[in-house]
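Chemist:
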Amino acid sequence: MLSSDNEEMTSRRNNLIILGLMVVLIGVAVYYIFVRQPVMQATQLGLDLKGGVSVSLQGYHTDSSEVTRDEMDQAAQVIRQRVDSLGVTEPEIQLQGQDQVLVNLPGITDTDRAVEVIGRTAQLGFYEVLGSAGGQPVSEGEIKQTKEDLQSELEKDPAFQEGKTKIIFEESPPPSGGGTVVEGYVVPQEPAITGGALESATQTSDQAGRRQVQMTLTSEGAEQFGDLTQQIVDDALVNGDASRGRIAVVLDEDVVSAPSVREPIYGGQVVIENQGLPGGLPQKEAKDLEVVLKTGALPVNMQILSVTSIGPTLGSDSLRSGLLAALVGFGLVLVFLLVIYRVLGVIADLALLIYAFLLWGLIVAIPITVTLPGIAGIVLSIGVAADANVVIFERIKEEVRRGKTPRTAVGIGYQKGFKAILDGNLTTLITAFILFALSSGSVRGFAVLLAIGVILSMFTAVSVTRALLGVISDRGFHLSARMMGVSKESIAGGPPKKQTAEVR
Amino acid sequence: MAFEKVDFVGRWRVWFALSGVFLLLGLGAIVIEGMNFGIDFQGGSRFTASGVEGNPSVQEVRDVLPNNLGQEAIVQQLGEGGYDVRTPVLTQEENTEVRQDLEEALGAEVSVTSISPTFGGQIRGQALQAVAAALLIIVVFISLRFEFAFAMAAMVALVHDILITVGFYALVGREVNLVTVVAVLTVLGYSLYDTIIIFDRIRENAPAAGYNRRRFDEMANNSIRQVVMRSIYTSTVTLIPVTALLIFGESTLSDFAFALLVGIAAGTYSSIFVATPALCLYKAWREGSITPTAPRSAPTR
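Okay, here's the thing in structure tokens:
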């Protein structure tokens with residue numbers, strides 16, 4: 001521990017470098033938190049704190065083949081376009097793992113609409129109708145039963161062939177009166193024309209002002225459509241009634257409409273409409289249809305894993321209680337350190353305040369979205385940061401009790417304490433890393449903030465406190481045992497001997 | 001110095017018995033009452049109403065629910081004007097219906113979380129993997145930084161802490177969810193940190209060569225005495241903010257804080273009274289099994 005003047009100079013310079021670095025970092029943090037934007041907008045809050053809808057989806061193929069990362073990338077792009085056209089501000093779309101995607105939509109609470117627009121595969125198909133049944137309005141509660149009845153009725157239809165055809169349904173409001181018209185159709189297993197034939201889709205209205213969605217097909221698609229309608233007319237003629245032919249427009253296994261086809265249609269214009277309602281398609285439905293048709297089909301089917309909607313009141317309640325807990329905890333820790341370690345406690349408190357401020361700066365600068373679990377991570381990291389000082393200061397007290405001078409004790413305390421802190425913090429980092437690697441969503445927020453807090457605390461609780469102690473002792477401030485909270489009686493072998501040693 | 005009279009290593013039977021009582025209580029609760037798993041792990045829906053006026057009873061909230069959901073749902077009051085309704089897996093339409101019914105009847109904002117059973121299974125799998133991976137990597141880490149004997153002892157203490165935390169959960173019937181697993185992993189890291197501080201001192205005090213049971217045990221005792229105040233202060237420093245979370249945090253944060261509170265208390269105890277005696281017993285057993293005529297003077301590393 002004996003040091004030459006040269007080493008003393010080096011340690012002094014190191015202390016100044018560390019304090020200088022600290023001042024620069026605080027300056028940078030001030031810029032990010034207060035200057036770059038109003039302080040109220042500095043921190044990005046997660047959905048659980050400001051309200052919004054979060055949907056987690058898993059991609060799959062109906063033939064259970066594996067979903068590739070490329071397909072999920074495409075799916076994420078399609079979802080982004082759909083969300084953008086809904087006008088949601090700052091949506092977040094993240095791929096998670098091999099086949100999952102998380103969509104965060106701040107500021108909205110309508111989960112149904114979100115799920116409808118995001119999760120819809122939007123696989124468009126045109127089918128020839130081979131047989132149909134139903135068409136009577138039923139009440140809300142009877143829909144399921146009616147479908148089951150129609151299913152068994154249609155399975156007896158001569159047109160139905162297991163494996164070659166399938167049965168799909170249409171639900172629509174009746175021209176007059178209440179309820180829902182349920183109609184079942186027998187159609188071929190595979191569509192004659194798919195969404196690939198679609199060029200564009202726009203919302204328009206017919207002569208009567210009813211809202212409809214107009215689809216324009218590609219030239220190749222238009223030709224296929226002409227052939228399909230020709231086929232339908234021919235088949236109807238064979239069956240004896242030329243006017244009975246129908247085409248089913250199907251979106252994701254639901255029949256959108258099934259108009260009659262009296263003559264082949266060329267030209268490539270197809271309309272989705274609802275003549276049963278005075279205004280045509282309901283506004284939201286028309287808009288959503290336009291969006292999903294325009295942005296195209298998802299390359300995979302989507303299964304909903306979880307849907308969360310957080311109201312703004314719940315969000316701000318959570319934020320308030322989380323902040324209150326963090327502040328109260330922080331304040332009590334400051335008081336505790338002061339009581340136990342006196343002058344050393346003042347330095348530790350100073351370091352802890354710097355820690356908290358720099359952590360905030362990092363959160364804003366990176367930026368990290370603060371969630372409820374994130375607040376828990378921050379609160380816990382306050383404990384970890386304070387603990388580094390407890391480890392060092394306890395060691396210093398111990399050395400003082402053994403009869404070392406406060407100066408020597410401080411040197412030993414940092415030297416020996418650091419090893420224990422490093423090992424301890426490495427284990428915390430390991431846990432944080434595992435949490436991050438093996439989990440998703442909100443848990444990651446906790447892991448990230450815990451890890452950043454632990455690393456930052458190594459700087460503030462070890463380097464900064466040491467530099468501060470070094471600088472004040474260079475200014476001729478002498479720490480006594482009492483100032484560290486060590487009573488005279490507990491010191492072994494009477495008052496400490498004079499020693500020449502330095503805090504480094 | 002504090003704790004001068006306590007024989008941490010020699011009286012291990014007393015300390016282990018004390019842990020045993022808590023472990024039995026917890027395990028008994030798990031067997032008898034079972035774990036109260038949340039929707040994260042098995043799928044289902046949760047509706048949180050906030051800002052409810054007029055302070056309705058839990059039964060009144062239950063009556064609002066459509067169809068037969070009233071009997072199946074778990075309804076809880078959360079502080080002032082807050083209610084929590086947990087139901088089995090519902091369809092998207094049913095979720096909307098329940099939400100609208102609650103919003104209308106209570107005149108409050110209702111937040112919804114719905115999780116499919118598939119996703120619940122995935123989360124459960126991930127959680128178990130995370131705990132297993134953490135334990136495994138930690139054994140390797142301690143074996144590298146210290147030696148295998150320390151890793152074994154730390155592992156005993158960790159399993160002890162996990163079982164006590166989980167047992168307490170079953171005892172008080174709190175819901176086990178993803179947050180609980182995060183808390184358990186945090187406790188794991190924390191308790192390990194505490195153990196490592198003590199082990200670090202044992203490593204520092206251990207003589208370079210030669211194992212002698214009496215000497216090693218005495219040295220371990222002294223090491224604990226040297227750092228025990230630190231252990232207690234550290235726990236206090238960590239428990240202060242955790243207690244603040246328990247008191248001021250809303251349901252998620254307070255659940256998290258509860259698990260941490262139990263886990264950190266158990267972790268502090270186990271670092272002192274379980275990990276170190278376990279280390280000494282393991283050392284004694286291993287050295288004894290190599291040459292039954294202890295003491296011996298071969299290097300231990």
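So the protein lines, in turn, are chains A and B.
Taking this note's numbering, the leading residue of the first sequence gets 1, the next gets one more, and so forth.
Taking this note's numbering, the leading residue of the second sequence gets 1, the next gets one more, and so forth.
For glycine and all other residues, C-beta sits at the position ideal for the given N, C-alpha and C.
Treat the numbers as computed from the prediction; the structure is a model and nothing was measured.
Which residues in the same chain have their Cβ closer than 6 Å to the Cβ of B:V156, if we skip the five residues on either side of it in sequence?
Modeler: Here the set comprises A278.
Chemist: Is it buried or exposed, A:L456, if we count other Cβ atoms within 10 angstroms and call 16 or more buried?
Modeler: A:L456 is buried by the Cβ-count criterion.
Chemist: Can you grab the Cα-Cα spacing for the pair A:R12 / B:D217, in whole Å?
Modeler: Taking the straight line joining both Cα atoms gives about 42 Å.
Chemist: Exposed or buried, what is B:I142 when buried is set at 16 or more other beta-carbons lying within 10 Å of its beta-carbon?
Modeler: Flag for B:I142 reads buried.
Chemist: Could you have a look at A:G403 and say whether DSSP puts it in helix, strand or coil?
Modeler: In this structure, A:G403 counts as coil in the three-state DSSP scheme.
Chemist: Give me the chain A residues within the contact set of B:R145, using Cβ-Cβ distance strictly less than 7 Å, ordered along the chain.
Modeler: Residues of chain A passing the Cβ test: D423.
Chemist: Where does the unbroken alpha helix (DSSP H) through B:R215 begin, and where does it stop?
Modeler: Counting along the chain, the alpha helix (DSSP H) containing B:R215 begins and ends at R213 to F248.
Chemist: With a cut-off of 8 Å, does the C-beta of B:A134 fall near any C-beta of chain A?
Modeler: Closer than 8 Å to some Cβ of chain A, the Cβ of B:A134 qualifies, so yes.
Chemist: Take B:F3 as the anchor and find which of B:I224, B:T243, B:D200 and B:V179 has the nearest alpha-carbon.
Modeler: Cα-wise, what sits closest to B:F3 is B:I224.
Chemist: Distance cutoff 8 Å, beta carbons only. Does B:A244 sit that close to anything in chain A?
Modeler: Cβ-Cβ to chain A under 8 Å: yes for B:A244.
Chemist: Whole angstroms is fine: what's the gap from A:M215's alpha carbon to A:G221's?
Modeler: Approximately 11 Å, taken between the alpha carbons.
Chemist: Alpha carbon to alpha carbon, how far is A:S316 from B:R62?
Modeler: C-alpha separation (whole angstroms): 26 Å.
Chemist: For the beta strand (DSSP E) that contains A:T308, what are its first and last residues?
Modeler: Per DSSP, A:T308 belongs to the beta strand (DSSP E) from N301 to I310.
Chemist: Measuring only the C-alpha atoms, how far is B:Y83 from A:V339?
Modeler: Distance between the alpha carbons of B:Y83 and A:V339 is about 41 Å.
Chemist: Whose C-beta lies closer than 8 Å to the C-beta of B:L163 among residues of the same chain, with five residues either side of it excluded?
Modeler: Cβ neighbours of B:L163 beyond the five flanking positions: L23, G26 and L27.
Chemist: Please report how far the alpha carbon of A:G195 lies from the alpha carbon of B:V52, in whole angstroms.
Modeler: The alpha-carbon atoms of A:G195 and B:V52 are separated by roughly 47 Å.
Chemist: Report yes or no: do three or more beta-carbon pairs, one from the stretch 118-126 of chain A and one from the stretch 137-149 of chain A, lie closer than 8 Å?
Modeler: No, because fewer than three Cβ pairs between the stretch 118-126 of chain A and the stretch 137-149 of chain A fall closer than 8 Å, the two stretches do not touch.
Chemist: Under 8 Å, Cβ to Cβ, is there at least one residue of chain A near B:A130?
Modeler: Cβ-Cβ to chain A under 8 Å: yes for B:A130.
Chemist: Would you say A:P496 reaches chain B, if we count a Cβ-Cβ gap shorter than 8 Å as a contact?
Modeler: Only weak support exists for where A:P496 lies, its pLDDT of 47 falling under 50; the value from the coordinates is given anyway. A:P496 does not count as touching chain B.
Chemist: Cutting at 6 Å between CB atoms, please list the residues of its own chain near A:G184, excluding the five before and the five after it.
Modeler: Taken in chain order, the residues that qualify are A133, G134, L150, L154, I167 and F169.
Chemist: Is there a Cβ of chain B sitting closer than 8 Å to that of A:I430, yes or no?
Modeler: Yes, A:I430 counts as interfacial toward chain B.
Chemist: Is B:V89 helix, strand or coil by DSSP?
Modeler: Correct three-state label for B:V89: coil.
Chemist: Would you say A:R530 and A:Q94 are within 8 Å of each other, going by their C-beta atoms?
Modeler: Given a span of 1 to 504 for chain A in the structure shown, any question on residue 530 of chain A remains unanswerable.
Chemist: So, for A:K497: in the same chain, excluding its five sequence neighbours on each side, which residues have a beta-carbon less than 8 Å away from its beta-carbon?
Modeler: Residue placement at A:K497 is poorly supported in this model, since its pLDDT is 45, which falls under 50; the coordinates still yield a value, given next. Closer than 8 Å at Cβ, skipping near neighbours: G403 and T405.
Chemist: Any Cβ of chain A within less than 8 Å of the Cβ of B:R174?
Modeler: It does not: the Cβ of B:R174 has no partner Cβ on chain A nearer than 8 Å.
Chemist: What do you reckon, are the CB atoms on A:T180 and A:V249 nearer than 8 Å?
Modeler: No.
Chemist: Mind checking who A:R80 pairs with in its DSSP beta bridge?
Modeler: According to DSSP, which records beta bridges pairwise, A:R80 is partnered with nothing at all.
Chemist: In chain A, which residues lie with their C-beta within 8 Å of the C-beta of B:S270?
Modeler: The contacting residues do not exist; B:S270 stays about 15 Å from chain A at best.
Chemist: Drop a sphere of 10 angstroms on the beta-carbon of A:M484, count the other beta-carbons inside from all chains shown, and report buried for 16 or more, exposed for fewer.
Modeler: Buried.
Chemist: Taking only three categories from DSSP, how would you classify B:F256?
Modeler: Reduced to three states, the DSSP call for B:F256 is helix.
Chemist: What residues of chain A sit near B:Y308, judged by a beta carbon separation below 9 Å?
Modeler: With chain B represented from 1 up to 301, any question about residue 308 of chain B goes unanswered, as that position is not in the structure.
Chemist: Express the C-alpha separation of A:R113 and A:L47 in angstroms, rounding to a whole number.
Modeler: Cα-Cα distance, rounded: 17 Å.
Chemist: Considering only C-alpha positions, which residue in the set B:Y233, B:T234, B:Y211 and B:N205 is nearest to B:N221?
Modeler: Out of B:Y233, B:T234, B:Y211 and B:N205, B:N205 has the C-alpha closest to the C-alpha of B:N221.
Chemist: Using a C-beta cutoff of 8 Å, does B:T165 count as contacting chain A?
Modeler: Answer no: the Cβ-Cβ gap between B:T165 and chain A never drops below 8 Å.
Chemist: For A:L314, verify whether its CB is less than 7 Å away from any heavy atom of the ligand HEM.
Modeler: What this structure holds is no ligand at all, so the ligand HEM is not there to describe.
Chemist: Measure the alpha-carbon distance for A:S85 versus A:G52 and round it to whole angstroms.
Modeler: For A:S85 and A:G52, the distance between alpha carbons rounds to 17 Å.
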